[in-house]
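The listed protein sequences derive, respectively, from chains W and Z. Using my numbering, you'd call the opening residue of the first sequence number 653 and step up by one each time. Using my numbering, you'd call the opening residue of the second sequence number 583 and step up by one each time.
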Amino acid sequence: MWGWWRKNRPLVFAGVLLLTALLWYSVNLRQKDETNFLESVVLRVTGPVQATLDRAIVGAADIWGHYLYLVDTSEDNQELIKENRTLRAVLAQSDEVRLENERLRLLLEFKEAQAFETLPARVIAEDASSWFRTVMIDKGSEQGVTEGMPVVVAEGVVGRVVRSSPRFSRVLLITDASSAVASLLQGNRARGVCRGKGEQLVFDFVLRQEGVGIGDRVVTSGMGGVFPKGLVVGSVKGVNRQEFGLFQEIEVTPSVDFSHLEEVLILLRSSQ
Amino acid sequence: MNKTLIYLALAGIAVILQTVFLPLVLQGYYKPDLLLILVIYLGLHEEPWRGGLLVYFLGWCNDGIAGVFPGLTGFVLLGIFLTVRGFVTRVNTESSPLLLLLVIAGTILQSVMVAFALDFFSNTARIWPQMVWQLPVQVLLNFVAAFVLLRLIVWLQRTFMPRKALPGLRKLDSRHES
Numbered sequence: 653m654w655g656w657w658r659k660n661r662p663l664v665f666a667g668v669l670l671l672t673a674l675l676w677y678s679v680n681l682r683q684k685d686e687t688n689f690l691e692s693v694v695l696r697v698t699g700p701v702q703a704t705l706d707r708a709i710v711g712a713a714d715i716w717g718h719y720l721y722l723v724d725t726s727e728d729n730q731e732l733i734k735e736n737r738t739l740r741a742v743l744a745q746s747d748e749v750r751l752e753n754e755r756l757r758l759l760l761e762f763k764e765a766q767a768f769e770t771l772p773a774r775v776i777a778e779d780a781s782s783w784f785r786t787v788m789i790d791k792g793s794e795q796g797v798t799e800g801m802p803v804v805v806a807e808g809v810v811g812r813v814v815r816s817s818p819r820f821s822r823v824l825l826i827t828d829a830s831s832a833v834a835s836l837l838q839g840n841r842a843r844g845v846c847r848g849k850g851e852q853l854v855f856d857f858v859l860r861q862e863g864v865g866i867g868d869r870v871v872t873s874g875m876g877g878v879f880p881k882g883l884v885v886g887s888v889k890g891v892n893r894q895e896f897g898l899f900q901e902i903e904v905t906p907s908v909d910f911s912h913l914e915e916v917l918i919l920l921r922s923s924q
Numbered sequence: 583m584n585k586t587l588i589y590l591a592l593a594g595i596a597v598i599l600q601t602v603f604l605p606l607v608l609q610g611y612y613k614p615d616l617l618l619i620l621v622i623y624l625g626l627h628e629e630p631w632r633g634g635l636l637v638y639f640l641g642w643c644n645d646g647i648a649g650v651f652p653g654l655t656g657f658v659l660l661g662i663f664l665t666v667r668g669f670v671t672r673v674n675t676e677s678s679p680l681l682l683l684l685v686i687a688g689t690i691l692q693s694v695m696v697a698f699a700l701d702f703f704s705n706t707a708r709i710w711p712q713m714v715w716q717l718p719v720q721v722l723l724n725f726v727a728a729f730v731l732l733r734l735i736v737w738l739q740r741t742f743m744p745r746k747a748l749p750g751l752r753k754l755d756s757r758h759e760s
């Protein structure tokens, strides 16, 4: 017995250590929606460094683009002058449309777009791993940001806040595998859940008999309690309807270009 | 203590590179896992207890800026560290091709452990199909990063510290390899 123990002691210790780590991870899954002490410390320490470096990089790129790399600038200038004239004409027309739109919106009391207080934030860093899809933003609990708040851009839903420290927060993108957004097809109102799949989304639990076409728009249904109703999630890219089974497989392209995410809006709370 | 601080500083630099600089250079979400390379190096040259605790701590810290599962990276990196420790007495730890080979094997083991921990323990969607697609690119990126780092470290050591030797990198200079 003693001989066996002496021979296998390192292996037993390694096994016990690994099992303990796995159990500890498993126990912590219950608290995965809250920011723990260590995560808060890491956000506080890395956030300022990342924000400073991000500003430095943006500044360097700005100097390079505006003062050093001036090839084709003259041609661009001529093009922009032409474009400016055209846009002025379009703007004059669109002002009229905008005023009409405002009047109609007031008339219909369609205030959903202003129903939430928003807080703009800058994306300062990406996830440290290739397996997950999160970004860090430069707003935190000092500005009223808490876990679970939805994050959007003009094109649609970005994700939700999953960790917050006083000055920085982390946002889980809707393309992450652990993200699920209660959604519906804008055309026929078929409900389902949009799950992340790396760079695409999968629209699950849509019944086989529901008619779905390529390009159909998918919006949030407001059922999950995180995202308000009507935010654009993406558009249908492909539909796979098997001969058997309750549901169809729908692939969705997100409306947001996550590779060029720079500024976002956090929906703080209802202003009403 | 000094060594531990150096490892922590290296991990910090790795994290900053991965979250701020590399996303600007590389397209998409892919980035080399520099922390994994550090863990494999620790597995080859550190004592089990000190190295194990350090790796587990680094994993926990990494979870503050990667994913949403506290303890996941700690578990995965500890698994990789212990696996490397298991082999360390049977191989020539001074060989640079071995380190590159271990980086490839470590990346595969990492993805298997992440998929196991997520698909069996959490309520997320199945992540392994996504990981299978990403794995070849990730292996290639980690391999290239490890190769470049090895060359860079050896060059830096030869240029700035010719009389000093880094543990495990003493013979990585091509003049000492046959």
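Ideal placement from N, C-alpha and C gives every residue a C-beta, glycine not left out.
Enumerate in chain order the residues of its own chain whose CB-to-CB distance from residue i is below 7 angstroms, with the five nearest sequence positions on each side excluded.
i      : result
W:G863 : N840
Z:T601 : I647
W:A744 : none
Z:I686 : V721 and F725
W:S873 : A834, S835, L836, R843 and K881
Alpha carbons only, please: which of the options is nearest the one belonging to residue i?
i      : options                           : result
W:G890 : W:S821, W:D856 and W:R658         : W:D856
W:M788 : W:L898, W:W656, W:V916 and W:L920 : W:V916
W:G808 : W:N660, W:V884 and W:M875         : W:V884
Z:I598 : Z:A699, Z:L617 and Z:Y611         : Z:L617
Z:F663 : Z:M695, Z:I588 and Z:V719         : Z:M695
W:L771 : W:S781, W:G792, W:W783 and W:L751 : W:G792
W:W676 : Z:G633, Z:V658 and Z:I619         : Z:V658
W:R893 : W:Q861, W:R740, W:N680 and W:G874 : W:Q861
W:G811 : W:W657, W:V693 and W:P906         : W:P906
Z:T665 : W:G876, W:F665, W:V813 and W:S873 : W:F665
W:Q852 : W:L825, W:A703, W:A713 and W:T798 : W:L825
Z:W715 : Z:I690, Z:T706, Z:F729 and Z:A727 : Z:I690
W:R888 : W:H718, W:G865 and W:W656         : The sequence shown places Val at residue 888 of chain W, rather than the Arg named in the question. Residue W:G865 is the option with its Cα nearest to W:V888.
W:T698 : W:F820, W:R661 and W:P662         : W:F820
Z:L587 : Z:F603, Z:V670, Z:Y612 and Z:R632 : Z:R632
Z:G668 : W:E895, W:G667 and W:F899         : W:G667
W:F896 : W:L859, W:V749 and W:D909         : W:L859
Residue i to residue j, Cα distance in whole Å?
i      : j      : result
W:P818 : W:R774 : 15 angstroms
Z:L723 : Z:P614 : 5 angstroms
W:D685 : W:A832 : 14 angstroms
Z:Q609 : W:S911 : 8 angstroms
W:E914 : W:I776 : 8 angstroms
W:D706 : W:K659 : 52 angstroms
W:L739 : W:G886 : 28 angstroms
W:W716 : W:D724 : 14 angstroms
W:N729 : W:V701 : 37 angstroms
W:I733 : W:G800 : 45 angstroms
W:V783 : Z:G649 : Reading the sequence as shown, one finds Trp at residue 783 of chain W and not Val. Roughly 8 angstroms separates the two Cα atoms.
Z:A703 : W:G848 : Just to set this straight, residue 703 of chain Z is Phe in the shown sequence, not Ala. Answer to the nearest angstrom: the Cα atoms are 18 angstroms apart.
Z:P744 : Z:V736 : 10 angstroms
Which residue or residues does DSSP assign as beta-bridge partners of residue i?
i      : result
W:R774 : W:E915
W:A834 : W:V845
W:Q900 : W:V858
W:V813 : W:V823
W:T872 : W:S835
W:V888 : W:V904
W:M653 : According to DSSP, which records beta bridges pairwise, W:M653 is partnered with nothing at all.
W:V803 : W:G811 and W:I918
W:M788 : W:A777 and W:R822
W:Q852 : W:K849
For residue i, which residues from the same chain have a beta carbon less than 8 angstroms from its beta carbon, with the 5 sequence-adjacent residues on both sides left out?
i      : result
W:G850 : R785, T827 and A829
Z:K746 : Q739
W:Q838 : D868, R869, V870 and V871
Z:R708 : D701
W:L920 : F768, E769, T770, L771, G796, V797 and M801
Z:V719 : Y612
Return the chain-ordered list of same chain residues with a C-beta closer than 6 angstroms to the C-beta of residue i, the five sequence neighbours on each side being excluded.
i      : result
Z:W642 : G656
W:E901 : N892
Z:S693 : M713 and L717
W:L669 : none
W:I709 : none
With a Cβ-Cβ cutoff of 9 angstroms, do residue i and residue j count as a contact?
i      : j      : result
W:E854 : W:V904 : In the sequence under discussion, the amino acid at residue 854 of chain W is Val, which differs from the Glu named in the question. A contact, by the Cβ cut-off of 9 angstroms.
W:E691 : Z:P652 : yes
Z:G594 : W:A673 : no
Z:V637 : Z:L624 : yes
Z:L700 : Z:L734 : no
Z:A596 : Z:L620 : yes
W:T596 : W:L681 : Any question about residue 596 of chain W goes unanswered here, given that chain W covers just 653 to 924.
Z:L640 : Z:Y589 : yes
W:V814 : W:I918 : no
W:S781 : Z:N644 : yes
W:P802 : W:V679 : no
Z:A728 : Z:L680 : no
Taking 9 angstroms as the CB-CB cut-off, is residue i touching chain B?
i      : result
Z:F703 : Annotation note: the requested chain B is absent from the structure, which comprises protein chains W and Z.
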